[in-house]
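Each number in this note's numbering corresponds to the 1-based position in the sequence shown with 827 added.
For glycine and all other residues, C-beta sits at the position ideal for the given N, C-alpha and C.
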Amino acid sequence: MDRAIPADKRPFDYSPVSLSDLPETPTRDRNIAAVAWEAAPDELLRLGADVKGNPEPYFKRRIFGWLVWLAGQSRGPGRYMALNPADQSEFYFFDLGPDQSPGGKGPDGEWHSSFRSWKQALRDNPRV
Numbered sequence: 828m829d830r831a832i833p834a835d836k837r838p839f840d841y842s843p844v845s846l847s848d849l850p851e852t853p854t855r856d857r858n859i860a861a862v863a864w865e866a867a868p869d870e871l872l873r874l875g876a877d878v879k880g881n882p883e884p885y886f887k888r889r890i891f892g893w894l895v896w897l898a899g900q901s902r903g904p905g906r907y908m909a910l911n912p913a914d915q916s917e918f919y920f921f922d923l924g925p926d927q928s929p930g931g932k933g934p935d936g937e938w939h940s941s942f943r944s945w946k947q948a949l950r951d952n953p954r955v
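In structure tokens form, the structure reads like this:
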């Protein structure tokens, strides 16, 4: 079995994608660039603007209907975004690393200093 390529080493895929093309689980061979998604809102395209190095955002996975994107490295510095695809005005950020205050607000209205609890808030407030 082939080993997964670390996310920060995967090539970016700019092939156009629709909502139905975004997979439930992470891709292991490439990063789907946010600019490739035909319905990407401006907030998503600017996700890395305040992150050191201005990294390009890419798709990570779905969590109970939420589309989870990342600009930067999964261990930081980086910024995650959970986006409701049915209402793109509903999104939440989680910041990692020394350039941002750690944590983020979840769809439960609470501040989460742990990435795990932020993801659990997505799970507990599904958008499916």
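Exercise. Kindly give me the distance between the Cβ atoms of Gly903 and Gly924, rounded to whole angstroms, as I take these residues to be in contact under 8 Å.
Key: Residue mapping note: residue 903 aligns to position 76 of the sequence shown, counting from 1. Residue mapping note: residue 924 aligns to position 97 of the sequence shown, counting from 1. The pair is a contact, with the Cβ atoms about 3 Å apart (cut-off 8 Å).
Quiz item: CA-CA distance, Asp856 and Ser916?
Solution: Along the sequence shown, one-based indexing puts residue 856 at 29. Along the sequence shown, one-based indexing puts residue 916 at 89. The alpha-carbon separation between Asp856 and Ser916 amounts to approximately 30 Å.
Practice problem: Assuming Phe839 and Ala860 form a contact by the criterion Cβ under 8 Å, report the distance between their Cβ atoms to the nearest whole angstrom. | Solution: Stepping through the sequence shown from its first residue, residue 839 is reached at position 12. Stepping through the sequence shown from its first residue, residue 860 is reached at position 33. Contact holds; Cβ gap of about 5 Å.
Quiz item: DSSP on Glu937, reduced to helix/strand/coil?
Solution: Here the question's residue 937 lines up with position 110 in the sequence shown. If DSSP states are grouped into helix, strand and coil, Glu937 belongs with coil.
Practice problem: Helix, strand or coil for Val895, going by three-state DSSP, please let me know. | Solution: In the sequence shown, the residue the question calls residue 895 occupies position 68. Strand at Val895.
Self-check item: Segment contact flag, the region 830–838 with the region 868–879, C-beta cutoff 8 Å, min 3 pairs
Solution: By the criterion of at least three beta-carbon pairs nearer than 8 Å, the region 830–838 is not in contact with the region 868–879.
Exercise. Could you round the C-beta distance between Pro853 and Arg888 to whole angstroms and report it? I think they count as a contact, below 8 Å.
Key: The count along the sequence shown starts at 1 and reaches residue 853 at position 26. The count along the sequence shown starts at 1 and reaches residue 888 at position 61. About 5 Å separates the Cβ atoms of Pro853 and Arg888, confirming a contact at the 8 Å cut-off.
Quiz item: Given Ser842, which residues of its chain have a CB within under 7 Å of its CB, disregarding the five upstream and five downstream residues?
Solution: Position 15 of the sequence shown, counted from the first residue, corresponds to residue 842. Counting only Cβ-Cβ distances below 7 Å, and skipping sequence neighbours, we find Ala863.
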